[in-house]
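First the structure, in the form of structure tokens, and then the observations on it.
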Amino acid sequence: GSTVGSAIRFEDCTSPETVIKYMTDGMLLRETLLDDLLSQYCLIMLDEAHERTIHTDVLFGLLKKTCARRPDLKIIVTSATLDAEKFSSYFFNCPIFTIPGRTFPVEVLYTKAPETDYMDAALITVMQIHLTEPEGDILLFLTGQEEIDTSCQVLYERMKGLGPSVPDLHILPVYSSLPSEMQTRIFEAAPAGSRKVIVATNIAEASLTIDGIYYVVDPGFAKQKVFNPKVGMDSLVVAPISQASARQRAGRAGRTGPGKCFRLYTESAYKNEMLATAVPEIQRTNLGTTTLTLKAMGINDLLNFDFMDPPPPQTLISALEQLYNLGALDEEGLLTRLGRKMAEFPLEPPMSKMLIASVDLGCSDEILTIVAMLSAQNIYYRPREKQAAADQKKAKFFQPEGDHLSLLTVYESWKAQKFSSPWCFENFLQARSLRRMQDVRKQLLTIMDRYKLDVVTAGRNFNKIRRAICSGFFFHSAKKDPQEGYKTCVENTPTYIHPASALFQRQPDWIVYHELVLTTKEYMRECCVIEPRWLAELAPRFFRLCDPRKISKRKRMERLEPLYDRFNDPQAWRLSKRRA
Numbered sequence: 001g002s003t004v005g006s007a008i009r010f011e012d013c014t015s016p017e018t019v020i021k022y023m024t025d026g027m028l029l030r031e032t033l034l035d036d037l038l039s040q041y042c043l044i045m046l047d048e049a050h051e052r053t054i055h056t057d058v059l060f061g062l063l064k065k066t067c068a069r070r071p072d073l074k075i076i077v078t079s080a081t082l083d084a085e086k087f088s089s090y091f092f093n094c095p096i097f098t099i100p101g102r103t104f105p106v107e108v109l110y111t112k113a114p115e116t117d118y119m120d121a122a123l124i125t126v127m128q129i130h131l132t133e134p135e136g137d138i139l140l141f142l143t144g145q146e147e148i149d150t151s152c153q154v155l156y157e158r159m160k161g162l163g164p165s166v167p168d169l170h171i172l173p174v175y176s177s178l179p180s181e182m183q184t185r186i187f188e189a190a191p192a193g194s195r196k197v198i199v200a201t202n203i204a205e206a207s208l209t210i211d212g213i214y215y216v217v218d219p220g221f222a223k224q225k226v227f228n229p230k231v232g233m234d235s236l237v238v239a240p241i242s243q244a245s246a247r248q249r250a251g252r253a254g255r256t257g258p259g260k261c262f263r264l265y266t267e268s269a270y271k272n273e274m275l276a277t278a279v280p281e282i283q284r285t286n287l288g289t290t291t292l293t294l295k296a297m298g299i300n301d302l303l304n305f306d307f308m309d310p311p312p313p314q315t316l317i318s319a320l321e322q323l324y325n326l327g328a329l330d331e332e333g334l335l336t337r338l339g340r341k342m343a344e345f346p347l348e349p350p351m352s353k354m355l356i357a358s359v360d361l362g363c364s365d366e367i368l369t370i371v372a373m374l375s376a377q378n379i380y381y382r383p384r385e386k387q388a389a390a391d392q393k394k395a396k397f398f399q400p401e402g403d404h405l406s407l408l409t410v411y412e413s414w415k416a417q418k419f420s421s422p423w424c425f426e427n428f429l430q431a432r433s434l435r436r437m438q439d440v441r442k443q444l445l446t447i448m449d450r451y452k453l454d455v456v457t458a459g460r461n462f463n464k465i466r467r468a469i470c471s472g473f474f475f476h477s478a479k480k481d482p483q484e485g486y487k488t489c490v491e492n493t494p495t496y497i498h499p500a501s502a503l504f505q506r507q508p509d510w511i512v513y514h515e516l517v518l519t520t521k522e523y524m525r526e527c528c529v530i531e532p533r534w535l536a537e538l539a540p541r542f543f544r545l546c547d548p549r550k551i552s553k554r555k556r557m558e559r560l561e562p563l564y565d566r567f568n569d570p571q572a573w574r575l576s577k578r579r580a
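Following this line, the structure appears as structure tokens:
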């Protein structure tokens with residue numbers, strides 16, 4: 001924090017003496033919100049530009065604009081797998097420098113025919129490498145936690161079946177929700193006479209550098225989050241990786257010495273079917289936060305903003321519509337006073353609205369905690385070998401009002417235990433994530449103090465808390481379907497409460513949810529029970545009460561209708577049926 005400092009969301013380790021500052025792209029974007037000329041910097045270096053995160057893409061457009069106003073500002077864009085010509089053309093045909101890396105040759109091997117079961121093929125390949133190849137550790141890429149945990153268990157059983165005559169194989173999983181103390185084990189050397197296999201998500205493509213890897217097994221798939229603006233849903237999709245990602249994975253085998261990369265797909269698939277680079281995040285994710293940030297910078301003509309790769313117009317329109325319904329934009333698409341306050345919080349717009357609304361509703365202390373818990377993520381830990389015990393401990397915190405109140409109970413219980421780490425371990429909670437949550441809460445409290453937003457407690461009045469949650473997530477409302485599951489109130493999308501939810505067994509009539517994700521089904525995550533009348537009270541732009549005199553006898557049983565209709569069928573917006 002002195003000569004060299006760092007800054008990430010909710011944590012700033014810099015001082016007046018700081019000369020070099022490492023930060024996330026999201027933090028630099030927030031600094032641009034306060035000073036669009038970035039006057040305290042003379043040089044900005046954007047690393048890993050090939051990842052094309054949504055923040056990096058917005059920064060490209062903003063920095064290009066800043067360069068025109070500040071000729072003294074130097075911008076360096078770096079990457080191991082960059083399409084350099086495209087970036088040079090975008091940044092005023094700037095010069096390209098190629099710096100050779102210190103890597104060793106990697107032999108790339110392909111399959112002769114496509115694999116029908118890439119997981120089984122990957123595990124067979126790992127075993128063959130262990131039994132036939134010279135010493136050196138193995139890195140296997142898979143798509144997510146479930147695949148990784150299953151594969152580790154299968155590898156363990158297969159090694160056990162081979163008996164003591166075979167050298168040991170240390171099997172180590174890596175994924176983002178794994179506790180940090182378990183993640184760090186991958187950097188420890190395997191004991192003499194044995195080797196380790198690291199089974200990882202694409203987090204190991206660029207974010208981690210692990211010494212001793214000589215063999216890479218690449219099935220050619222990764223999970224991507226794709227946003228559908230029509231239904232407002234994020235889908236977690238297993239998709240083929242790009243050629244750039246494939247090269248990055250292969251390169252992991254050549255850091256320590258000459259290595260091998262086993263690609264479980266054909267050479268023809270690599271050359272003819274894989275995209276050259278991954279689809280930029282800005283073209284496949286929700287743009288609500290980005291749109292609010294750009295509006296706060298005074299950039300109102302978003303359709304003509306100089307994006308390197310423009311987002312789909314429908315996604316942009318969906319984001320503008322969401323912000324208008326939250327009250328962040330007026331009828332002309334300009335930022336309101338509420339929108340200006342919302343932009344100051346490094347949160348998704350619905351969470352910012354929920355936090356600001358909680359002040360008037362008299363529950364800002366509790367909502368502050370809930371927002372921080374949602375932002376920290378990965379609070380619960382569920383190891384494969386102790387799933388039943390972990391589920392039992394988690395159920396102790398469940399509240400009948402839903403997951404948000406359950407998270408609040410976790411925090412209050414931890415606080416009562418004087419923020420004990422051993423208590424977290426006993427209850428299958430990630431102490432590091434909870435400590436991170438404390439930092440988030442402190443930072444949000446600072447922003448609230450700056451805007452003189454009072455922090456008041458609701459005590460045990462959970463209705464106030466639920467109303468505050470509803471005020472931010474009213475368009476994420478759903479009603480119970482008499483046949484099966486739920487229907488979302490806005491788009492009438494069939495959906496289900498996630499099995500990990502506190503409400504999975506209860507199945508209440510009306511809920512709001514934090515996000516909708518498509519995995520094996522359309523699931524609602526982080527659900528909260530609401531009263532249907534709150535929708536009309538808290539979102540009068542969006543919902544209104546039905547006039548029973550103007551509708552048929554059958555429809556008279558329904559309580560609410562929308563303010564306007566996006567459907568051909570005038571009855572498609574009905575929210576609920578009241579049982580006789």
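Sequential numbering of the sequence shown, starting at 1, is according to UniProt numbering.
Glycine is no exception: its CB is placed at the ideal position from the N, C-alpha and C atoms.
Exposed or buried, what is residue i when buried is set at 16 or more other beta-carbons lying within 10 Å of its beta-carbon?
i, result
"lysine 464", "buried"
"isoleucine 198", "buried"
"glutamate 11", "exposed"
"threonine 201", "buried"
"alanine 35", "Inspection of the sequence shows that residue 35 is occupied by aspartate rather than by alanine. The residue in question, aspartate 35, is exposed, as its Cβ has fewer than 16 Cβ neighbours within 10 Å."
"valine 512", "buried"
"glutamate 205", "buried"
"methionine 182", "exposed"
"aspartate 117", "exposed"
"tyrosine 265", "buried"
"alanine 189", "exposed"
"alanine 215", "Looking at the sequence shown, residue 215 is not alanine but tyrosine. Tyrosine 215 is buried by the Cβ-count criterion."
"asparagine 300", "exposed"
"arginine 466", "buried"
"glutamate 51", "buried"
Measuring CB to CB, does residue i end up less than 7 Å from residue j?
i, j, result
"proline 179", "glutamine 430", "yes"
"leucine 323", "leucine 294", "no"
"serine 477", "leucine 538", "no"
"glutamate 401", "phenylalanine 462", "yes"
"tyrosine 486", "tyrosine 523", "no"
"leucine 139", "arginine 70", "no"
"alanine 458", "cysteine 363", "yes"
"threonine 315", "leucine 275", "no"
"alanine 376", "serine 433", "yes"
"glycine 254", "threonine 78", "no"
Measure the alpha-carbon distance for residue i versus residue j and round it to whole angstroms.
i, j, result
"methionine 45", "glutamine 248", "21 Å"
"glutamine 128", "lysine 160", "15 Å"
"tryptophan 423", "tyrosine 411", "12 Å"
"glutamate 558", "threonine 488", "Interpretation of glutamate 558 is limited by its pLDDT of 49, a score under 50 that renders its predicted location unreliable; the figure taken from the coordinates is listed afterwards. If I take the Cα positions, the gap works out to 15 Å."
"threonine 14", "aspartate 439", "16 Å"
"leucine 131", "valine 166", "8 Å"
"isoleucine 96", "serine 245", "21 Å"
"leucine 303", "proline 229", "16 Å"
"methionine 23", "arginine 30", "11 Å"
"residue 587", "phenylalanine 504", "This structure cannot speak to residue 587, because the chain is shown only from 1 to 580."
"aspartate 120", "glutamate 48", "32 Å"
"leucine 338", "aspartate 330", "10 Å"
"glycine 298", "isoleucine 171", "52 Å"
"glutamate 17", "leucine 347", "29 Å"
"tryptophan 573", "threonine 493", "Reliability of the predicted coordinates at tryptophan 573 is poor, the pLDDT of 38 falling under 50, and the value obtained from them is presented with this limitation in mind. Straight-line Cα distance between these residues: approximately 11 Å."
"valine 238", "alanine 222", "6 Å"
"serine 318", "glycine 136", "50 Å"
Going by C-alpha distance, which of the options is nearest residue i?
i, options, result
"glutamate 107", "Asn492, Pro258, Ala278", "Pro258"
"glycine 1", "Thr78, Val19, Ala253", "Val19"
"arginine 384", "Leu338, Lys65, Gln153", "Gln153"
"valine 226", "Thr285, Ser194, Leu208", "Thr285"
"glutamine 224", "Lys196, Thr53, Leu37", "Thr53"
"cysteine 67", "Val456, Leu43, Arg9", "Leu43"
"isoleucine 148", "Pro134, Leu374, Ser176, Gly136", "Ser176"
"threonine 98", "Gln505, Asp72, Ile76, Gln392", "Ile76"
"aspartate 365", "Met448, Pro312, Thr336, Gln399", "Met448"
Between residue i and residue j, which are expected to be in contact by the criterion C-beta below 8 Å, what is the C-beta distance as a whole number of angstroms?
i, j, result
"isoleucine 282", "phenylalanine 305", "At roughly 11 Å, the Cβ-Cβ gap does not stay under 8 Å, so isoleucine 282 and phenylalanine 305 are not in contact."
"threonine 125", "valine 217", "5 Å"
"threonine 256", "isoleucine 213", "7 Å"
"proline 219", "alanine 278", "That pair is no contact at about 16 Å."
"phenylalanine 428", "tyrosine 381", "5 Å"
Kindly indicate if chain B contains any beta-carbon less than 7 Å away from that of residue i.
i, result
"glycine 254", "Of the protein chains in the structure, only one exists, and it is not chain B."
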